[in-house]
Amino acid sequence: ADLATKEVITAELGEARDRLTSTPPGRSSMRVVSLDKYLHKKEDWVAAMKRHDKSKTVLAEILGGKASAGEGKKEAAKSKAAVVSEESESESESESESESESESESESE
Numbered sequence: 001a002d003l004a005t006k007e008v009i010t011a012e013l014g015e016a017r018d019r020l021t022s023t024p025p026g027r028s029s030m031r032v033v034s035l036d037k038y039l040h041k042k043e044d045w046v047a048a049m050k051r052h053d054k055s056k057t058v059l060a061e062i063l064g065g066k067a068s069a070g071e072g073k074k075e076a077a078k079s080k081a082a083v084v085s086e087e088s089e090s091e092s093e094s095e096s097e098s099e100s101e102s103e104s105e106s107e108s109e
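Note that this note's numbering gives residue 80 to position 80 of the sequence shown, counting from 1, and the numbers run on in steps of one.
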C-alpha cells in the first residue's frame, strides 16, 4: 500500500487504540503498523514508512523485478515444483522404458 493508504489505516486504528490493546491480535496489529510511533511522533513514523518502502523496492529489484519478496518466493516455489514434476515424469518414463525392456527380454527367452 502507498504511504497515504497506510496513514489512513493507521489513523483509524489509532481511534480504536483502547479496543486494540485489550486483545493479543490487536496489540500485534499495533506493533505491525507502529501505532505508538504514529500517535506520538508522526514525522518519525512517516520517515520509517518511507525507509521501509524504499527497502522493499530495492529488494524487489534485486529479486528480479518482483513486486514483493513474497512474490519472489512464490515464483521460486513454482519453479521448484516444476523441476520436481519434470524429474518425476522423467523417472516414470525411465521406469516404463525399463519395464518394457524387461518384458521384451522375458518374451524373447
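Cβ coordinates follow ideal geometry from the N, Cα and C atoms, glycine included.
Val-33 is positioned such that its CB atom lies closer than 8 Å to that of Ile-9.
In the DSSP annotation of this structure, the continuous segment of the alpha helix (DSSP H) that includes Ala-48 starts and ends at 42-62.
Residue range 3-15 is occupied by the alpha helix (DSSP H) that includes Ala-4. Taking the Cα of Leu-13 as reference, the smallest distance to any Cα among Met-49, Ile-62, Tyr-38 is reached at Tyr-38. Under a 10 Å Cβ-count criterion, Leu-59 is classified as exposed, with fewer than 16 other Cβ atoms of the shown protein chains found around its own Cβ. At the C-beta level, Leu-20 and Arg-31 stay beyond 8 Å of one another.
Between the alpha carbons of Asp-44 and Gly-64 lies a distance of about 31 Å.
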